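Under the numbering used here, the first residue of the sequence shown is numbered 11, with each subsequent residue one higher.
From the three backbone atoms N, C-alpha and C, an ideal C-beta is built for every residue, glycine too.
Owing to the predicted nature of the structure, the values given are computational and were not obtained by experimental measurement.
All remarks here apply to the structure that follows.
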Amino acid sequence: MIKVILCDDHALIRRGIRDTLSDAQDIEVVGEAGDYGELRALMRQQSCDVLVLDINMPGRSGLDVLHVLKDEGSPIKVLIVSMYPEDQYAIRALRAGAFGYVNKGGDPQLIVQAVRTVSQGRKYVTPEIAQMLVESLTTPVAENAHEKLSDRELQTLVMIASGKRLSDIAEE
């Protein structure tokens with residue numbers, strides 16, 4: 011049985027992911043968290059094989075959580091779920107230590123396949139991400155401006171672009 015913890019600040023999204031994963035006989039959702047603090051408390055109480063983690067959360071982003079887990083030497087395999095297009099975050103998340111990246115707008119069954127794949131210690135990439143990786147290996151590509159930004163700078167830029175006020179961003 012693959013034990014999964016979900017971490018997303020939107021309860022509706024967590025429920026949808028939980029319901030999708032619950033249909034699989036070999037996957038059990040053992041806990042849910044809405045932010046980094048809840049996640050840390052939950053992880054002290056409950057072990058898991060796979061952490062399904064939103065990339066954009068209040069407080070610490072999914073990328074921040076990846077860096078913390080990597081620094082701690084955690085054996086947990088992280089699957090990033092995001093509403094952002096693969097070209098903005100997928101490669102960055104994989105470089106930060108994620109085992110896979112799934113877009114929230116995709117087929118719900120992809121997350122089941124992704125959880126199974128990363129639980130085996132293998133990377134999960136969509137055909138779009140695979141194409142991006144192949145293109146980056148075979149053709150010299152001019153670096154996009156957003157690729158030059160740090161994780162925090164990119165997160166701040168995305169919040170500004172989504173219409174958040176600077177004072178709200180500063181609080182996060």
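In angstroms, rounded to a whole number, what distance separates the CA positions of residue i and residue j?
i: E82; j: L63; result: 17 angstroms
i: A124; j: N66; result: 19 angstroms
i: G115; j: L104; result: 19 angstroms
i: S160; j: Q98; result: 12 angstroms
i: D59; j: A180; result: 34 angstroms
i: S32; j: Y134; result: 20 angstroms
i: A140; j: I101; result: 10 angstroms
i: R54; j: H20; result: 22 angstroms
i: A171; j: P95; result: 14 angstroms
i: T30; j: T148; result: 37 angstroms
i: Q119; j: L164; result: 29 angstroms
Measuring CA to CA, which of the options is closest to residue i?
i: R132; options: G110, I170, M142, L120; result: G110
i: V40; options: R24, Y46, G47; result: R24
i: G44; options: I37, L61, D33; result: L61
i: Q130; options: V78, K80, L89; result: L89
i: P85; options: S92, G107, G72; result: G107
i: I15; options: L76, G26, E42, R126; result: E42
i: I27; options: S92, L164, V78, L79; result: S92
i: R162; options: Q35, V75, A51, D36; result: V75
Could you give the residue range of the beta strand (DSSP E) that holds residue i?
i: D64; result: 60 to 64
i: Y111; result: 110 to 113
i: G83; result: Neither: G83 is in no beta strand (DSSP E) and is coded neither H nor E.
i: A51; result: No beta strand (DSSP E) contains A51, which is instead part of the alpha helix (DSSP H) from 46 to 55.
i: S92; result: 87 to 92
i: A43; result: 37 to 43
i: V128; result: Note, V128: premise wrong, no beta strand (DSSP E); alpha helix (DSSP H) at 118 to 129.
i: L159; result: Per DSSP, L159 belongs to no beta strand (DSSP E) and is neither H nor E.
i: R13; result: Looking at the sequence itself, residue 13 is Lys, so the reference to Arg does not match. 12 to 17 is the extent of the beta strand (DSSP E) around K13.
Please report whether the beta-carbon of residue i lies at a distance below 8 angstroms from any beta-carbon of chain B.
i: L31; result: Among the protein chains of the structure shown there is no chain B, as only one such chain exists.
Tell me which same chain residues have a C-beta within less than 6 angstroms of the C-beta of residue i, skipping the five on either side of it?
i: T136; result: none
i: E38; result: M11, K13
i: L49; result: C17, A43
i: S177; result: none
Between residue i and residue j, is the Cβ-Cβ spacing less than 8 angstroms?
i: E182; j: G69; result: yes
i: K87; j: V128; result: yes
i: V6; j: A51; result: As shown, the chain starts at 11 and ends at 182. That puts residue 6 outside it, with no answer to give.
What residue range does the alpha helix (DSSP H) around residue i cover?
i: L143; result: 137 to 148
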